[in-house]
Amino acid sequence: MTSTPTSVSSEGSINPKDILDPVVLQDLETHQKFMQCAIDTAEEALRGGETPVACVLVHGGKVVARGMNDTNRSLNGTRHAEFLAIAQFLEQFPPTEMKNTDLYVTVEPCIMCASALRQYGICTVYYGCGNDRFGGNGSVLSVHSDQSLDPGYPSYGGVYRKEAIMLLRRFYIQENENAPNPRAKGNRELKTVV
Ligand SMILES: [Zn+2]
């Protein structure tokens with residue numbers, strides 16, 4: 436028996452963001468296994484002082500490429516996890532194999548990455564939590580499914596959503612505490628309700 440796909444908030448109601456698509460539920464264990472690889476990679480990013488966002492590319496039932504955010508270290512705003520994973524993938528496979536490849540990423544791809552994934556013809560995207568500021572898979576724009584572009588890709592959120600959010604919270608708390616002039620924020624405690 437796999438863990439329960441939904442969770443009950445402190446108020447007793449189910450957060451709609453925790454309701455997984457039936458397509459995901461069909462093979463939840465597999466999706467959790469690959470998302471766990473992305474979460475583990477994001478943990479590595481956090482330990483290295485990077486924004487903990489990471490992904491893996493899965494081809495033929497195996498993780499063939501990984502990427503973690505690298506924008507802080509490189510001061511290069513295009514070095515998102517997805518771009519690094521795509522580069523690693525292309526060292527091993529021709530671009531046409533992207534159509535047989537799924538992406539598992541801890542945070543919904545941003546508009547830039549969503550567009551790159553579409554241009555490379557990714558098969559399916561699974562993400563943990565949504566990206567309310569920059570999300571390109573439905574939160575801000577729907578780059579993955581916009582009818583006016585090339586064929587799109589299906590995208591499913593919610594697998595390990597809470598774990599993905601907690602990683603980000605841990606990072607931002609650490610950032611605040613390391614800031615040279617920490618802003619007087621009343622509450623730097625880690626919120627554990629997501
Ligand atoms: Zn991105």
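In terms of the numbering used here, the sequence shown opens at residue 436 and continues consecutively.
For each residue, glycine too, the CB sits at the ideal point set by N, CA and C.
Residue i - containing beta strand (DSSP E), residue span
i: lysine 497; result: 497-503
i: leucine 538; result: 536-542
Where the alpha helix (DSSP H) through residue i begins and ends
i: serine 509; result: 506-509
i: aspartate 475; result: 463-482
i: leucine 602; result: 596-613
i: cysteine 548; result: 546-555
Per-residue DSSP class, three states only, for residue i
i: asparagine 450; result: coil
i: leucine 455; result: coil
i: asparagine 566; result: coil
i: leucine 492; result: strand
i: leucine 531; result: Residue identity differs from the one stated: residue 531 is threonine in this sequence, not leucine. Threonine 531: helix per DSSP, three-state reduction.
Where residue i falls, given that 16 or more other Cβ within 10 Å makes a residue buried
i: glycine 593; result: buried
i: leucine 519; result: buried
i: asparagine 611; result: exposed
i: valine 628; result: exposed
Closest Cα partner of residue i within the set the options
i: serine 580; options: Val498, Gly556, Lys597; result: Gly556
i: cysteine 472; options: Ile608, Tyr595, Arg605; result: Tyr595
i: alanine 516; options: Pro586, Thr476, Pro529; result: Thr476
i: asparagine 450; options: Lys597, Thr486, Val493, Ala522; result: Lys597
i: valine 459; options: Ser577, Ser448, Cys548, Val560; result: Val560
Worksheet item: Within the structure, which residues are defined as neighbours of ligand 1 by a Cβ-heavy atom distance below 6 Å, reported in chain order?
Response: His515, Glu517, Pro544, Cys545, Met547, Cys548
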